[in-house]
Amino acid sequence: MRKLPLLLLLLLFTTGRLHAQDIERNVKERLTTYFGSYNSVTAKTTAPELKSFNIDYDRKQIAIYLSESFAYQPFQPETVETLYQEIKELLPGPVRFFETTLYAGNKPIDELVPNLYRGKKKDKSRLSLHVDYKAAPWVKNTSRAYEVTHGLQNRHIALWQSHGKYYKSDKNEWAWQRPRLFCTTEDLFTQSFLLPYVIPMLEQSGANVFTPRERDTQKNEVIVDNDTKGNSIYLEMKSRKANWTTAPVSGFAQKQSRYQDGENPFLAGTARFVPTEKKKDKAFAQWIPTLPATGAYAVYVAYQTLPGSVSDAKYLVFHKGGVTEFLVNQQIGGGTWVYLGTFEFDQGNNDYGMVVLSNQSSERGVVCADAVRFGGGMGNIVRGGSVSGLPRYLEGARYSAQWSGMPYEAYGGRKGENDYIDDINTRANSINYLSGGSVYNPNQPGLGVPLEMAMALHSDAGSSKTDEIIGSLGIYTTDTNNGQLAVGVDRYASRDLVDITLTELQRDIRSRFKVPWTRRSLWDRNYSETRLPAIPSSIVELLSHQNFADMQCGHDPNFKFTVGRSLYKSILKFVATQHGKEYVVQPLPVSHFAIEFGKKKNTFELSWQGVEDPLEPTAHPQEYVVYTRIGYGGFDNGTLVKRASHTVKIEPGLVYSFKVTAVNRGGESFPSETLSAYKAKRESSRVLMVNGFDRICGPAVVNTATEAGFDLQEDPGVPYLYSTSLSGSQKGFDRKQAGKEGKGSLGDSGGELEGLKMVGNTFDYPFIHGKAIQAAGGFSFVSCSDEAVEAEIVSLESYPIVDYILGLEKEDPSARNNYKTFSSPMQRIITAYCQSGGSILVSGSYLGSDMSSSQGNREFTENVLKYGFQSSLTDKRSGQINGLGRTLSIPRMPNEQSYPVTSPECIVPVAPAFSAFAYVPGNQSAGIAYKGSYRTFVLGFPFESIESDTERATVMAAILRFFDEK
């Protein structure tokens, strides 16, 4: 009888075990099927695999372990909730209500949700709530007209563009680190996002930005220093209480024009210091450069951090727009180049082009003076017996680090034997050296600069034969230093940064351009750019430079702006979350900008409209800054105004130019176009200039069944301000060669444009037209945007003469913005103006071809403006035009002075109009004039492209006389 209970127990145990095995077999089958067909709705990632699972019947828990690829996708609270709900519904009844945990990359998926997207339940292990920098920022511009309180004020960000020219020792030559494809190379391409867009946006949000590669595209470089004599001037002025003294440590000296590997110019000279005083205008040092050319120059200062160094060393930069004041924290960052800003300077030396360091300070201590550098310059590091021959901004970080005084171990780990590896490591090593000793990297020796996050921008490889977009990939590293950053913060903070960035990019690009932008994987990989930094760091592989579909977006300046704003917002939101702070996104640029003559004597009235950002409710403009330029000077530091209008009192006889930005607590927007105005001392008539040249775009697209790419000969594109990203013309167009590299591959390109800073749309052409009008004598003028005219804010009928500036404006099917020369509303407005007896000058490169697509457009140009379209002038051999007894020249190819006019138009007069200009050779009509009940003068080339100031003035005077004569 005793055996019966034992048999029953054994039977129950066996039955239970078999039942459990049945459940587990069922669970495995269901999970395997589910994850085998799983596709993330937000990212294109590798399909995950079910690695294992464990059912704890006692605790009623199920742990499901998936392959690392499951962690490649983003997780947000709603994603996690949906996954758990679907898993619950597919589990068999006996375990359906067990507590389930999904693991991806050994982390529960709810722990992979970035802190930004969580509610109150934050993961404090990867926040910086108890680590923050409270002292003075490295550099502060105290002349700014606005104050940032909810942006990146007092934050220090490291950011770099990928690669750069490097010395390839096995071939004894300088080379790019990536191939030339689709008219660029990654070494050039990623700069076109960071330099014109991301870095300015971060700085306008209040951040100090450090980049390991040179940031200034100015090829000239002038260094003024106490140790070296030359054409430039270094002066010291002592006070009654304070004398300048040589510092007890080494300083900068440029004693040679070229530097061998390991030579450090910051150990070759001396530095000077002086005790501080509370009153101003006491002791000071002056650096007066003799500059080889007029232009924009970055200004860098150098000093040594000494015992008693103050945190508010006062620097004044005198430039063409006035004086800008900076406070520099000399307690950190000594012994390297410290960027202040970029300013306009005149050629030569003068008392309005210099830097002054005062000993005035609120602190008792010393200020130190060393060298001041103007301009980025040419590469001067010798490798293999030669320098690169390129501007420094095109070289890799390794060489910039040497020129910036970094220790050899920061950039020369391979002892000069492998610059490729050294260059990759230099980017992170520079960050660690600068941040060493700061609150974010306390245990490493360094310069104490509180850099708190880093981002590297790359463009990845990969191609599609179906024109599918490859899209964006993010990389971070957790498996090093016991999974912690330098201050003990969990390295998964870097995953948060990457995840936020890819989320913002996909949302912003899809919303702005209506393209199916692909979000790819979040990789936890061992890359030095994310492994070595002591701070949260990320690699963003923005798109594939090898893929035609990606590069159609990538070359577009509108896309670059959107990407730049997205990266800025990602950094803002990440940093704010790390410190538990609220953030405000800086506004978008203003629109509908206009200048009109004021009601009061000698005044101009400026007006514009703020623009809301539908993606960012905090980006509301609260105030505005009006910047002013007089004549050929530079812009001032700006005037803060409360409303979207401003009245300016002016002096007759001077040309005034204005641009406007929107500001809020998060920072400052990009500027408006620049408009100009002038009040003649003896006014005989008035002119309204309408700026209709808004176009920015990438190169001409070739897209057929057999060929793909970009045609620089047809149209090199219109960059925003300038472009340094083009390597040369594309040579390989065969779609069958997609995915290959080298000669004959799809996208294979030349290198003839490398080092060229090609001018694009500067949005400053009313000034060029205006100076020509001023030279004619007696004519006052104002200007406005074409949007202001179309919105009937400005009436053409108020002005006897209108100058409509169209530049390179044209409608392009591949463009993502509408750039029609004459919109339907503008056609109606111009027609009414002409019928009222007005006189109008129109100039642009696409006035015929852009208006030949429909009968209605042709009727407008032929019946109202009195010209017809004949052809585009595609012969690039000549840029000469005859007319008015003169020969004019316009630029036909990319250059560094003005945008290229690759296809000026042959336009013919419609009787009784007559031809006024002709192209040479060929004698094809280049411009027409009509005199009837109203008058028109139309040029098939942009007026501002006439290369000579004198010729422009002569032509404009003749046109104005034609309009005025009876």
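Going by the numbering used here, the residue at position 356 of the sequence shown is 357; the numbering climbs one at a time, nothing skipped.
Built from N, CA and C at the ideal position, the CB exists for glycine as well.
By the DSSP assignment, the beta strand (DSSP E) with residue i in it spans what residues?
| i | result |
| --- | --- |
| Y657 | V656 to N665 |
| V649 | S646 to K650 |
| Q871 | Y868 to S873 |
| Q775 | It is not in any beta strand (DSSP E) - Q775 instead sits in the alpha helix (DSSP H) that spans Y766 to A777. |
| E542 | S538 to S545 |
| T102 | E100 to A105 |
| P249 | T246 to G252 |
Rounding to the nearest angstrom, what Cα-Cα distance links residue i and residue j in this structure?
| i | j | result |
| --- | --- | --- |
| T629 | R953 | 24 Å |
| V499 | K283 | 49 Å |
| V642 | S608 | 11 Å |
| A243 | K650 | 43 Å |
| T33 | M456 | 37 Å |
| P290 | W161 | 29 Å |
| P910 | G928 | 8 Å |
| S904 | S846 | 7 Å |
| S436 | A159 | 10 Å |
| S512 | E278 | 55 Å |
| R214 | Q579 | 27 Å |
| S68 | N155 | 41 Å |
| T640 | F659 | 11 Å |
| T467 | Y805 | 42 Å |
| T15 | S53 | Its pLDDT being 49, under 50, T15 is placed unreliably by the model, and nothing is read from it. |
Going by C-alpha distance, which of the options is nearest residue i?
| i | options | result |
| --- | --- | --- |
| C907 | A372, S853, S724 and F76 | S853 |
| S726 | S746, A701 and K758 | K758 |
| F99 | K123, Y58 and G463 | Y58 |
| V225 | A136, V541, M355 and V795 | M355 |
| T218 | Q192, F211 and H647 | Q192 |
| R399 | A372, N430 and T467 | N430 |
| T563 | I501, H647, T707 and L506 | L506 |
| G417 | E264, P913, Q77 and P892 | E264 |
| D813 | S850, L797 and T271 | S850 |
| E742 | P180, F76 and K122 | P180 |
Are the beta-carbon atoms of residue i and residue j separated by less than 8 Å?
| i | j | result |
| --- | --- | --- |
| L866 | T937 | yes |
| V664 | Q610 | no |
| D423 | G413 | yes |
| Q553 | C184 | no |
| G378 | K220 | yes |
| G152 | D188 | no |
| S799 | I596 | no |
| V661 | V627 | yes |
| G839 | S686 | no |
How would you label residue i, buried or exposed, when you count the other beta carbons within 10 angstroms and need 16 or more for buried?
| i | result |
| --- | --- |
| V42 | exposed |
| H131 | exposed |
| N819 | exposed |
| A248 | buried |
| D313 | buried |
| D950 | exposed |
| G335 | buried |
| Y298 | buried |
| Y304 | buried |
| L11 | Since pLDDT at L11 reaches only 49, below the 50 mark, its modelled position is unreliable, and the value read off the structure follows with that caveat. Exposed. |
| R273 | buried |
| R496 | buried |
| A48 | exposed |
| T479 | buried |
| L961 | buried |
| F915 | exposed |
Which first and last residues belong to the alpha helix (DSSP H) in which residue i is found?
| i | result |
| --- | --- |
| R957 | Here residue 957 is Met; the residue named in the question, Arg, does not match the sequence. Element bounds for M957: D950 to D965. |
| D551 | F549 to G555 |
| P892 | It is not in any alpha helix (DSSP H) - P892 carries neither H nor E in the DSSP assignment. |
| R60 | R60 -> no alpha helix (DSSP H), and no H or E assigned at all. |
| Y434 | D420 to S436 |
| R1 | Residue 1 is absent from the model: the chain starts at 2 and stops at 967. |
| D787 | D787 to E791 |
| T81 | Checking the sequence shown, residue 81 turns out to be Val, not Thr. Per DSSP, V81 belongs to the alpha helix (DSSP H) from P78 to L91. |
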